[in-house]
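All remarks here apply to the structure that follows.
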Amino acid sequence: MLRDIAKNEAGAGAAITISNGAVIEYLPQNPEIISGSTVLEQVFCGQSELMRVIRNYEEALKAVEQNPEEQSSQAVFLSAQQKMDAAYAWQLESEAKSVLTQMGIKDFSQPIEQLSGGQQKRVALAGVLVRPSDLLILDEPTNHMDNETVAWLEQYLKQRKGALLMVTHDRYFFDRIINRTLEIDNGTGYLYTGNYSLFLEKRAERRIEEASAAKKLNNIYRKELAWIKRGAEARRTKQKFRVERFAEIEDEAKNIKKEENLEISSAGTRLGRTVIECDGIGLDYADTTYIDDFIYTLLRNDRVGIVGPNGSGKTTLIEIIAGRIKPDRGTVKVGQTVKIGLFSQHSEFPDSDMRVLEYIRDVSEYVESKDGTKISAAQMLERFLFPPELQWVPVNKLSGGEKRRLFLLRVLMGAPNVLLLDEPTNDLDIPTLSVLESYLDDFPGAVVAVSHDRYFLDRFAQKIFAVMGKGEIRQFIGDYSCYEDARREQEAAAIKPVTKQEVSRKENNSPKKMSYKDKLEYDTIEGKITAKEKELQVIAEQINKTGSDFTKLQELTALQQAMEKELEELMERWEYLTNLAEELGVE
């Protein structure tokens, strides 16, 4: 749809009307690059007179730098300068360089083909941002972009004049930028006024109304069907009209879209006390330290988000934890009961014509849910939005987004008890993200995820590891919003250094042995945690069965929140006692 609007190419029976003189700039998901061009030449690749003036100036500048004594080059350069003056183009060139710098592109004369795919898209984005337009069309602009750059882009688009049409799965970005939402559902478009949060509310209202209308239609259909089955005669006009009306009702009833239950869960192997221990991890590459003296013990119910600028070492850290990369220093100890599921940025697919269903069955024929129900590979594919007709398509015929979704399901079909996710939200649509988030809510194990998706991090993370560069990794308790607050406070305030006296005082205050009370609590706390988790599962099932009884739903939700807080306190206490026991050598 975005491509059709940008190119003014309506399909059969449709029409697109664009005002005379209106300028449209379009960023596709996979922008084309101009072979042999530099970064700046790619940015100024538009067809307007202003773009031609800037391109001619850049070419003249390159020529005069190569042959500074040649008079013809000097004359062309002088003419190009004068045209830049006349077109007031200097500000645009300066803005382009500023935007590129914000996006981490600092060598403006670098050949575009030397950049990575993510860098090339950022150059293309810079181009559509700085080239003047009446309508800016962006297709997934925040893909492969770190959080700081996304925050900058938010502010840039808020200040920009002109219309914006955008497809994005970044829900915070969506919420803060747009004022109208177009939902395409089952081939029908629904337009809502307001941001993403308001869209969710209004869509819920629409679906309630549709469900009510569908229920009424089904009731009428059943009554009319019973009348038809009784052998109704269609000789009289009134009866003939009723038979014709039944045919119309039957067609409508068949076309009612049933809401798919996309929630999934699986029973992973229970983890032992030792999950993964990172002790003094360090890694250097080409005179750059990416990780230095990283220490952390992954707990069995951890929810850890990893953030940081592009190229800072986030993927390296998660691949060290997964055992794919051996660190230069330190050790990674993995517990005997650990079964890792790694969802990498670069999905692994066969070169052959293996079918979608075969690709999933290659891992497992079925998964088992918490209640013991066996869910087949075909059923899981349907829950991941692969209908039966798509399950026999060769994997290599799928789109990029479909392949990412399929690879995610393949990882989950392995029933892991530790999930390591590297940018899991890239190229996933919002319904699939909701499926993943629901899965993580009930996942009985540890999760570590590298992500730039702030909504996703707020939704699942309880700890944030911030990769700061030069080997430093800071640890924060809480979700992404808590991390942002803490980071701003740290930047605003002078951090008081810890003195040797304070360190000595803390060491002197450390317990030398575990008290009888702590030992008793340590021996029983895992049972308490298991019991509390089962209670929460019962509450969750009751909430799912409540339906439209909002009073009961409110009571159950309040109870669920209170129990989650109790569980969190138990987990914090368990973590403290476990660390204390290991420190003192208590079995």
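Remember, this note's numbering sits 838 above the position in the sequence shown when you count from 1.
Quick reminder that beta carbons are idealized off the backbone N, C-alpha and C, glycines included.
Judged by beta-carbon spacing, Val861 lies beyond the 7 Å limit of Phe946, meaning their Cβ atoms are not closer than that value.
Between Ser1185 and Arg1243, the gap from beta carbon to beta carbon reaches 7 Å or more. Excluding five sequence positions before and after Thr1270, the CB atoms of its chain that fall closer than 6 Å to its own CB belong to Arg1243, given in chain order. Taking the CA atoms as reference points, Gly874 sits about 29 Å from Ala924.
Scanning the region 994 to 1057 for uninterrupted beta strand (DSSP E) segments of 3 residues or longer gives 1001 to 1005, 1018 to 1023, 1026 to 1031, listed from N- to C-terminal end. Note that the region 1209 to 1224 does not touch the region 1169 to 1179; fewer than 3 beta-carbon pairs, one per stretch, sit closer than 8 Å.
The alpha carbon of Leu973 has as its nearest neighbour, out of Tyr926, Leu865, Ile1156, Ala989, the alpha carbon of Leu865.
With a cutoff of 7 Å on beta-carbon distance, Arg969 and Tyr1293 are scored as not near each other. Judged by DSSP secondary structure, Ala927 falls outside any alpha helix (DSSP H); it is assigned neither H nor E. For Thr1112, the closest C-alpha among the options Asn1255, Leu1374, Ile854 is that of Asn1255.
Within the same chain, Glu1021 come within 6 Å of Tyr1028 by CB-CB distance, once the 5 residues on both sides are set aside. Taking a C-beta distance under 7 Å as the contact criterion, Leu1258 and Leu1180 qualify as a contact pair. With respect to the 7 Å criterion, Val1305 and Ser1202 are not classified as neighbours on the basis of their beta carbons.
When the five nearest sequence neighbours on each side are left out, the beta carbons in the same chain lying within less than 7 Å of the beta carbon of Thr1127 are those of Lys1308, Gly1309, in order along the chain. In this structure the region 1312 to 1324 lies against the region 1134 to 1154, because at least three pairs of beta carbons, one per stretch, are closer than 8 Å. Contiguous alpha helix (DSSP H) elements confined to the region 939 to 1004 occur at 955 to 968, 985 to 997, taking only those with 4 or more residues. Between Glu1039 and Arg1014, the gap from beta carbon to beta carbon reaches 7 Å or more. Secondary structure note for Leu1244: its alpha helix (DSSP H) is the uninterrupted segment 1238 to 1251.
Beta bridge pairing from DSSP links Cys1116 with Tyr1134, Val1170. Under the criterion of beta carbons closer than 8 Å, Tyr1197 and Val1233 qualify as touching, at roughly 5 Å. The Cβ atoms of Asn1264 and Asn985 lie no closer than 7 Å to each other. With respect to the 7 Å criterion, Asp1130 and Gly1120 are classified as neighbours on the basis of their beta carbons.
Following the DSSP letters along the chain, one finds Ile856 in no alpha helix (DSSP H), marked with neither H nor E. Residue Ala1253 holds the alpha-carbon nearest to the alpha-carbon of Ile1178 among Met889, Cys1116, Ala1253, Glu1227. Per the C-alpha coordinates, the member of Phe1303, Ala1001, Tyr1123, Arg1193 positioned closest to Asp1140 is Phe1303. Rounded to whole angstroms, Asp1191 and Gly1239 show a C-alpha spacing of 18 Å. Of all C-beta pairs linking the region 888 to 900 to the region 995 to 1004, fewer than three are shorter than 8 Å, placing the two stretches out of contact.
Given a length threshold of 4 residues, each whole run of the alpha helix (DSSP H) inside the region 1155 to 1205 is given here in chain order: 1194 to 1199.
Spanning the alpha carbons of Gln1313 and Ile1133 requires a straight line of approximately 10 Å. According to the DSSP assignment, Lys1308 belongs to no beta strand (DSSP E), since it is labelled neither H nor E. The straight-line gap separating the alpha-carbon atoms of Lys944 and Lys935 is approximately 8 Å.
Membership of Leu1223 in any beta strand (DSSP E) is not indicated, and neither H nor E is assigned to it by DSSP. DSSP places Asp1267 in the coil class of the three-state scheme, outside both helix and strand. For the 7 Å CB-CB criterion, Val1288 and Glu1261 form a contact.
Nearest Cα to Gly942 within the set Ser917, Gln904, Trp990: Trp990. Separation of Val1176 and Gln1399 (C-alpha to C-alpha, rounded to the nearest whole angstrom) is 29 Å.
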